[in-house]
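Residue numbering for the sequence shown is 1 to 394, as defined by our numbering.
The beta carbon of each residue, even a glycine, is placed where N, CA and C say it ideally should be.
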Amino acid sequence: MTIKSPASEGPDNTGLYGGAVLGLAAIAALVVANSPLGPDYEALLRTTGEVRIGSIGLTKTIDHWINDGLMAVFFLLVGLEIKREVIEGTLASAKLAALPVIAAFGGFITPAAIFTVVNWSDAQALRGWAIPAATDIAFALGVCAMLGRKVPASLKTFLLALAIIDDLMAIIVIAIFYSASLSHLALALGGLGVAALAILNLLDVRRPSFYLIAGLFTWVCVLESGVHATLAGVAVGLAMPLTRRDGHSLLEDTEHALRPWVIFAIVPIFAFANAGVSLHGLAFSTLAAPIPLGIIAGLFIGKQLGVFTASLLAIRLGLAAMPEGTTTAKLYAMAILTGIGFTMSLFIGTLAFDDEIVLKQVRLGVLAASLLSGIVAAVMFSAIAKLDEASSSR
């Protein structure tokens, strides 16, 4: 998920505030899970809730409503951003897209490969191979915002574009590898919903209510089909027209309306529901277990190696250009920052595993790797800035 291009929008604190709220939600989850309220926290997430329209009703636990329902809105925003950037943004031309696309592929494949190597002997653990492949743009931009001018605007734009490709690859992976046994009838009905969305787009329909109705129908069908329901959100986002009338676009208007709700409500709620892990009885050696070790190695080592190596090769081979005002050292620091994999990594973890003990290991690995990546990247950017100041004062 992206948050306004800093290069084009000028000074903007959305990344800082969004990252701060997300961080507070994660900290709150950890505090509550390790307090006397821990059992109540777990019980709340397992409480069932029903949504009923006439004779049709859906009953899910609260954590499933969050992961399948609220996160569909998150993916709706992702779909809107992907479409906008591909049509007229940072991915609109091969020249602009080359570096972030190549970097994203390197940063997706390398962490997945490292996790796979670490967990090769455990077929069940290998279901989590995609967990360390994603970057959390809200946290990453929050760190960038706190660092201020130490991070060039061109590198922030590079990070935004890379995150879009990252999200797109994660969506494809979820659709292919993390879908349950399929209900062909529900899937066919979901296909009709997607077709209806496509027709609305072709007819250039501007009324949001039409997309809402078709989107809800598609979401219910996809939810019951065995394909992950959040993909319905992507379909709605891609269907909304970007063409403008009187200076307004339904896609952009919807994106601007949804963004604060996603950044300041939906993603923090998801974090609070999924980051709570009890540390009681856990030893430091727990992080050396294959699953958390694979996640930490994948996010902290794999991400930086994959993003930086792929970027450097693309630049050296003339396939892409170094972002303006950026040095090799700053590019490497940004590659380290992409190891913050919080939201999407936790989300894929909930799709890959059902066992609560394994999910606890996933949360520990993601939290440790994300914290390590953020701190090391911030220290490196600060050190580079001090060296630049020292050299300029001579």
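Taking 8 angstroms as the cut-off, the Cβ atoms of V362 and I27 do not count as close. Collapsing the DSSP output to three states places L203 in coil. In this structure, the CA atom of L159 is about 25 angstroms from the CA atom of L70. In the displayed model, L58 falls within a strand according to three-state DSSP.
The beta carbon of A170 sits closer than 6 angstroms to those of A134, M344, all from its chain and outside the five residues before and after it, given in chain order. The alpha-carbon of A310 is positioned some 18 angstroms away from that of S154. Across the structure, N34 and V277 are spaced so that their CA atoms are roughly 7 angstroms apart. For the beta strand (DSSP E) assignment, the stretch 227 to 272 encloses no uninterrupted run of at least 3 residues.
Per the DSSP secondary-structure output, G49 pairs in a beta bridge with K60.
Fewer than three pairs of CB atoms, one per stretch, sit closer than 8 angstroms, so the stretch 105 to 121 makes no contact with the stretch 319 to 331. Between A275 and S121, the alpha-carbon positions lie close to 27 angstroms from each other. Linking A104 to V307 through their CA atoms gives a straight-line distance of about 6 angstroms.
The C-alpha of I102 lies about 42 angstroms from the C-alpha of H280. In the structure shown, the three-state DSSP call for P152 is coil. Taking a cut-off of 8 angstroms for Cβ pairs, the stretch 259 to 270 and the stretch 54 to 65 do not touch, as fewer than three such pairs fall below it. Each of A161, L44, V220 was checked against the Cα of G57, and the nearest Cα belongs to V220.
Looking only at I263, L242, A239, A98, the smallest Cα-Cα distance to L313 is reached by A98. If the five residues before and after S391 are omitted, its C-beta is found closer than 8 angstroms to no C-beta atom of its own chain. When the beta-carbon positions are compared, F353 and A29 stay at least 8 angstroms from each other. Within the same chain, V227, H228, L231 come within 8 angstroms of A175 by CB-CB distance, once the 5 residues on both sides are set aside.
Counting only runs of at least 4 residues, the stretch 113 to 194 fully encloses the following alpha helix (DSSP H) elements, listed from N- to C-terminal order: 137 to 147, 153 to 177. In this structure, DSSP gives M322 a state outside helix and strand, which the three-state scheme calls coil.
C-alpha of F177 to C-alpha of R316: approximately 34 angstroms in a straight line. I213 sits in a helix when the DSSP states are folded into three classes. Between K83 and L238, the C-beta gap is smaller than 8 angstroms, which places the two residues in contact.
Between the beta-carbon of L250 and that of V118 there is about 45 angstroms, and that puts the pair past the 8 angstroms contact cut.
Between S373 and I348, the gap from beta carbon to beta carbon reaches 8 angstroms or more. Collapsing the DSSP output to three states places T328 in a helix.
Residue L364 holds the alpha-carbon nearest to the alpha-carbon of F284 among F217, L364, A333.
Assigned with DSSP and collapsed to three states, D354 falls in coil, not helix or strand. Secondary structure note for A314: its alpha helix (DSSP H) is the uninterrupted segment 303 to 316. Close CB contacts of G193 within its chain, under the 7 angstroms cut and outside five residues either way in sequence, are with A214, F217, T218, C221 (chain order).
The continuous alpha helix (DSSP H) containing P290 extends over residues 290 to 296.
Taken through DSSP and simplified to helix, strand or coil, T90 comes out as coil.
Straight-line spacing of the CA atoms in P100 and K330 works out to 15 angstroms.
By the CB criterion at 8 angstroms, G18 and A140 fall outside the cutoff.
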